[in-house]
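Notes for the one structure printed next.
Numbering (the numbering used here), first residue to last: 6 to 59.
Structure representation (structure tokens):
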């Protein structure tokens with residue numbers, strides 16, 4: 006009985022750690038995507054300004 010309880014807790018802990026790692030990954034992906042989009046938009050604006058001057 007005690008062994009099965011420990012196994013169950015270990016599995017739950019493992020699943021929780023996977024879930025937390027997944028959340029970190031999603032957060033990093035969102036930040037990366039936001040920054041990439043922001044920087045690309047900034048470059049596009051600079052290109053437009055250069056083209057408007059010429």
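C-beta atoms are modelled at their ideal positions from N, C-alpha and C, and glycine is treated no differently.
Excluding sequence positions up to five before and after residue 13, its CB lies less than 7 Å from no other CB in the same chain. Distance from the CA of residue 16 to the CA of residue 28, rounded to the nearest whole angstrom, comes to 18 Å.
CA-CA distance, residue 36 to residue 22, rounds to 21 Å.
Across the structure, residue 26 and residue 39 are spaced so that their CA atoms are roughly 20 Å apart.
In this structure, the straight-line span from the alpha carbon of residue 44 to that of residue 51 is close to 11 Å.
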